[in-house]
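What follows is a short report on a single structure.
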Amino acid sequence: MQYKLHQSLMNNKELVSLENKRLNELEITQKNIILKSKIRRLMVVFTGRCNISCIMCGRKASNFTLPRGSIEQIIDLFPYLNSILWQGGEVFLVDYFKEFFEEASRYPHLLQEINTNGLLITEEWAESMAKTNVRLIFSIDSVDKNIYEYIRKGADLETLIRNINLIKEAKRRYNKIDAIDVINIVVMRSNYQCLNSFIDFALQYGFLSLNFMYMVGNTCPEENIFNPRDNEAMAYLRQSMPNIIQEANKFGIKVTYDFARCLYEKLSTPMSSISKDRENLFCLLPWQSLFIDGSQGGRVYPECICRIPVGNIFEESLEQIWNNENMQLYRNRIINHDLENWCNPNCIKGIVNNNLLQCL
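For the sequence shown, our numbering begins at -7 and goes up steadily by one.
Written out as structure tokens, the structure is:
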């Protein structure tokens, strides 16, 4: 009887999320500007603090951490969410993160994603994460010790591998060996010629997804091969990336890379030359997600790639922001394809993760 009651409560929790998803998809189809459906995807940057200093990191170093009380309201959204992404800085530096993680774990349908450098994971955390619906996104950049520790100043490759093994063992105990954890790799001058080494690393440590990203910003211009464009590096990647994908697919490892277009055209391609297939871009983000940036004093965007904030968590509640004037403006502009000087140019060019976008 106790088991049936537990199952009933779990099913009711999942039902709330499913009903919200159905309503949201209907409102997207109808191109509603003001939504009755709730947020489905939430991203939270708790802090600007980090335990290492990466040479390409575009975030300004900040010791600011969102006060616990300012984001307690997100707990009310857990029944409606399909996924939540926790990140920093380094999220494991936040003393109250465990409370939010455990509360979210009460909703089995809710996928928790944690973006981390992996260096602060303990046995206790490995055990907690193995029990629940969680995807770990490790930022690694190289599996060569010297290159890894050059890019990720203050990091230690042996510590990272030890912690990955902690998680691997914990997942084995809970029969979670098929969990799809991800490695994020920022591609740059120091590592672009050894990206294929991630396949063996993924196989050895149980990763099923590799996500190669282009370098943005000018924090370390000598490492940026995309802007300004390094034609020799682009030629190398044009040849190597299909081979990496083919090899990875043999082992069931998914490979994504958001710089495919960069290999053939400059990042600075003028907006006027954007191909016809992007003219009818319909981005779902303002209908589905919010991004709280604690490293920028609580600013809120539809997503981290968006340029213009829609509010601030210290000035409005998330419920108010969800349908405020700025969110309505985002939705209106997308419906009317009025994207220039508003949306991130890289979205319009297609140099983003296409899982976030939809063309109608």
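The beta carbon of each residue, even a glycine, is placed where N, CA and C say it ideally should be.
| Item | Value |
| --- | --- |
| Buried or exposed by the 16-neighbour rule on C-beta atoms within 10 Å, applied to Asp133 | buried |
| 8 Å Cβ shell around Leu69 - same chain, five flanking residues per side excluded | Lys30, Ile31, Leu34 and Leu310 |
| Runs of alpha helix (DSSP H) lying entirely within the region 84 to 167, each at least 4 residues, in chain order | 89 to 96, 115 to 122, 137 to 143 and 149 to 165 |
| Gly110 and Ser45 closer than 8 Å at C-beta | no |
| Selected residue, minimal CA-CA separation from Phe243, among Asn138, Ile106 and Ala194 | Ala194 |
| Phe193: first and last residue of the uninterrupted alpha helix (DSSP H) it sits in | Ser189 to Tyr197 |
| Same chain, Cβ closer than 8 Å to Asn125, five either side skipped, listed in chain order | Ser97, Pro100, His101, Leu102, Leu103 and Gln104 |
| Cβ-Cβ separation, Phe84 to Leu58 (assumed contact under 8 Å), whole Å | Going by Cβ atoms, the distance from Leu58 to Phe84 rounds to 15 Å, so no, they are not a contact pair. |
| CB contact flag (Trp314, Leu282, <8 Å) | yes |
| Unbroken beta strand (DSSP E) run spanning Gln288, endpoints | Where Gln288 is concerned, there is no enclosing beta strand (DSSP E), given that its DSSP letter is neither H nor E. |
| Where the alpha helix (DSSP H) through Leu69 begins and ends | Leu69 -> no alpha helix (DSSP H), and no H or E assigned at all. |
| Range covered by the beta strand (DSSP E) that runs through Cys275 | Leu273 to Cys275 |
| Exposed unless 16 or more other CB atoms sit within 10 angstroms - verdict on Ser62 | exposed |
| Three or more C-beta pairs below 8 Å linking the region 316 to 327 and the region 295 to 304 | yes |
| Coil, strand or helix - Gln22 by DSSP | coil |
| Leu7 classed as buried or exposed, judged by whether at least 16 other C-beta atoms fall within 10 angstroms | exposed |
| Segment limits, alpha helix (DSSP H) that includes Ile76 | It is not in any alpha helix (DSSP H) - Ile76 instead sits in the beta strand (DSSP E) that spans Ser75 to Gln79. |
| Burial state of Leu10 (16 or more Cβ within 10 Å) | exposed |
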